[in-house]
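Here is the structure we will look at.
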Amino acid sequence: MMTATASCATGTIQPLNQSLTARQVQHLSRRVGFSLSYSDVQKYTGYNSSNLVDEIINRALDLPLTPPPKWADWTWEELEVAFQNEEEDFDPYSEMTATWLTEMLENGFRERVALFWSNHFVTEFEQYEYPPFLYKYHILLQKHALGNFKDFVYDIGINPAMLTYLNGFENFVDDPNENYARELLELFTLGLNNGYTEKDIQEVARALTGWQYDWEFGHTVFFNEDDHDVEEKTIFGQTGEWGYDDVVDLLFEYRANEIANFICRKIYSEFVSEDIDEKIVEALSRTFLDNDFELEPVFRQLLKSEHFFDEAFIGTRVKSPVEALLNYITELELPVLQIMEYKDEETDEVYRYRLIDEFPWLTATWGQIIYSPPNVGGWKGHNFWLDNTKLYLRWQNMRWFHWVFEDGNEEQGMGQLRDWARMIAQESTDPLVISERIIGHFTPNGFHTKSFLDAAAKRFRYEIPSHYFENGYWTWDWEEAPYQVAVLLEFIVIQPEFQLC
Numbered sequence: 102m103m104t105a106t107a108s109c110a111t112g113t114i115q116p117l118n119q120s121l122t123a124r125q126v127q128h129l130s131r132r133v134g135f136s137l138s139y140s141d142v143q144k145y146t147g148y149n150s151s152n153l154v155d156e157i158i159n160r161a162l163d164l165p166l167t168p169p170p171k172w173a174d175w176t177w178e179e180l181e182v183a184f185q186n187e188e189e190d191f192d193p194y195s196e197m198t199a200t201w202l203t204e205m206l207e208n209g210f211r212e213r214v215a216l217f218w219s220n221h222f223v224t225e226f227e228q229y230e231y232p233p234f235l236y237k238y239h240i241l242l243q244k245h246a247l248g249n250f251k252d253f254v255y256d257i258g259i260n261p262a263m264l265t266y267l268n269g270f271e272n273f274v275d276d277p278n279e280n281y282a283r284e285l286l287e288l289f290t291l292g293l294n295n296g297y298t299e300k301d302i303q304e305v306a307r308a309l310t311g312w313q314y315d316w317e318f319g320h321t322v323f324f325n326e327d328d329h330d331v332e333e334k335t336i337f338g339q340t341g342e343w344g345y346d347d348v349v350d351l352l353f354e355y356r357a358n359e360i361a362n363f364i365c366r367k368i369y370s371e372f373v374s375e376d377i378d379e380k381i382v383e384a385l386s387r388t389f390l391d392n393d394f395e396l397e398p399v400f401r402q403l404l405k406s407e408h409f410f411d412e413a414f415i416g417t418r419v420k421s422p423v424e425a426l427l428n429y430i431t432e433l434e435l436p437v438l439q440i441m442e443y444k445d446e447e448t449d450e451v452y453r454y455r456l457i458d459e460f461p462w463l464t465a466t467w468g469q470i471i472y473s474p475p476n477v478g479g480w481k482g483h484n485f486w487l488d489n490t491k492l493y494l495r496w497q498n499m500r501w502f503h504w505v506f507e508d509g510n511e512e513q514g515m516g517q518l519r520d521w522a523r524m525i526a527q528e529s530t531d532p533l534v535i536s537e538r539i540i541g542h543f544t545p546n547g548f549h550t551k552s553f554l555d556a557a558a559k560r561f562r563y564e565i566p567s568h569y570f571e572n573g574y575w576t577w578d579w580e581e582a583p584y585q586v587a588v589l590l591e592f593i594v595i596q597p598e599f600q601l602c
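Numbered according to this note's numbering, the sequence shown spans residues 102 to 602.
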């Protein structure tokens, strides 16, 4: 599947500043969050575009950081005791991922941007496997998601997860390690072969020497002067006895334009299109520079713009696994946070679970392991999400959600699915209208041919004769109605259009 190009986009960087249609509300909500329920789409339809963007960003700025879990400051010894205690179900990684996915559903934009930064300042949990480091990394993503990018760069380099992942703690005066220095320039600030030399990398590595963490207690980062190279270094043509702070200052003073362009291109690619519009990126870069590398003004400018809401971009971007899952959960209004029950018919044993706790496993099977991109370059995104295996797994797992309502009280659960569909269909009893409205709720541009819409309506009719609908005999109160909805949804989620936002 190929995404549409942005070559026909005509919108400028100027604010759209007009009342939003339901389709535009959905576009905004899917790009900057994890979609909206049907009632929320109706609520925001007619809002002024600039006012709604301000409301979304202001709310994100006011959100607190994730509260520390009980193990946030535990030593290795304390963790080992907890892991060895068979009576205690102790899995900090799963706990943290479920917490973040819950926050994504509840907080939207702030977590959407934090997820983006986790694919920029990449670490892999499986490379350090120390839960307190994971928590510190997580709140750093939240803290700086819409903050000052220079501060972000400074803090990420001495974050213990990054110090471990890119060997910063192995960078000594007598044995410099260039790993973090290389990625700092190549992936985090400037871009490949953009404004630096191999000699700059070597000199930056020398300047970054000396940062360690306390192995005894496991989570305390400190600077060891004995491990730092105090000799002169030449970076970007500037010579001095540079240290960690100086590297960050030199980067943002002597390579400011390169940083602004590189970061704004990444933001544009993530939230608008992989087909870069250079004029828009140039405007965003000027805003970034004029505001001393504050990210908030850049996001406000982009998301308010005519360009962002241009028809050329609606329904052209492939959803990541996390987006595909959470968008669908939000739009289907599944009760993923409540405790559900499942009774084993053979043993009569009752199992209690939350759907949200299954999500880290699901996104991993679709190709996105939260907190662990495949390498320092991150997930490639876009069409790379859709190889044959991952796409098939998406289809299979999505289908499971349609029948999860059967757990516990089947009549009540499946009735919830029927009531949801009845609301989306606006009480229509015409299979074609019902199918079109439900398809439109999930897909920005509907199905590409009428034959697919007809096929969807046929699925919804199930095994019920057509004349039952034509003469008004069929109603939403029929016993089969919830299962008709489930069958229709199974058809929708395997269509190409469903994978786009």
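Virtual Cβ for every residue (Gly too), placed ideally from N, Cα, C.
- DSSP places E442 inside the beta strand (DSSP E), whose first and last residues are 441-444.
- DSSP places R356 in the coil class of the three-state scheme, outside both helix and strand.
- In this structure, V382 keeps its C-beta atom at 8 Å or more from the C-beta atom of L216.
- In the DSSP assignment, F323 is bridged to Q313.
- Annotation for V142: the continuous alpha helix (DSSP H) segment containing it runs 139-145.
- In this structure, the alpha-carbon of G209 lies about 26 Å from that of D378.
- Per DSSP, the continuous alpha helix (DSSP H) segment holding K491 begins and ends at 489-504.
- When C-beta atoms of the segment 279-289 are compared with those of the segment 391-401, fewer than three pairs fall below 8 Å, so the two segments do not count as touching.
- Each residue's CA atom was taken as its position, placing R562 and P532 some 6 Å apart.
- Looking at the DSSP output, I336 sits in a beta bridge with Q339.
- With three or more CB-CB distances shorter than 8 Å, the segment 321-333 counts as touching the segment 342-352.
- Here W172 is not near L166, since their CB atoms are 8 Å or more apart.
- When DSSP assignments are scanned along the segment 359-393, the uninterrupted stretches of alpha helix (DSSP H) that are 4 or more residues long and fall wholly within it turn out to be 379-391.
- Using a Cβ distance threshold of 8 Å, F502 and F543 do not count as a contacting pair.
- Listed as beta-bridge partners of N149 by DSSP are S120.
- In the structure shown, Y255 adopts helical secondary structure according to DSSP, grouped into three states.
- C-alpha of Y472 to C-alpha of E459: approximately 16 Å in a straight line.
- The three-state reading of DSSP puts R160 in helix, counting H, G and I together.
- Per the coordinates, the alpha-carbon of L129 lies some 10 Å from the alpha-carbon of L137.
- By the criterion of at least three beta-carbon pairs nearer than 8 Å, the segment 421-439 is in contact with the segment 450-468.
- Residue pairing for F226: DSSP places it in no beta bridge.
- Sequence-distant partners of F570 (beyond 5 residues in either direction) whose C-beta falls short of 6 Å from its own C-beta, in its chain, are P532.
- Put simply, the segment 138-147 touches the segment 115-128. At least three CB pairs are less than 8 Å apart.
- Within the segment 540-564, the complete alpha helix (DSSP H) segments at least 4 residues long are 551-562, listed from N- to C-terminus.
- By a beta-carbon distance limit of 8 Å, F289 contacts F222. Their separation comes to about 6 Å.
- When secondary structure is reduced to three states using DSSP, Y429 falls in the helix class.
- Between I430 and V437, the alpha-carbon positions lie close to 8 Å from each other.
- For D350, no pairing in a beta bridge is given by DSSP.
- Only residues of its own chain outside the window of five on either side were considered, and among them S406, E407 have a CB closer than 8 Å to the CB of Q115, listed in chain order.
- Under the DSSP assignment, Y231 falls outside any alpha helix (DSSP H); it carries neither an H nor an E label.
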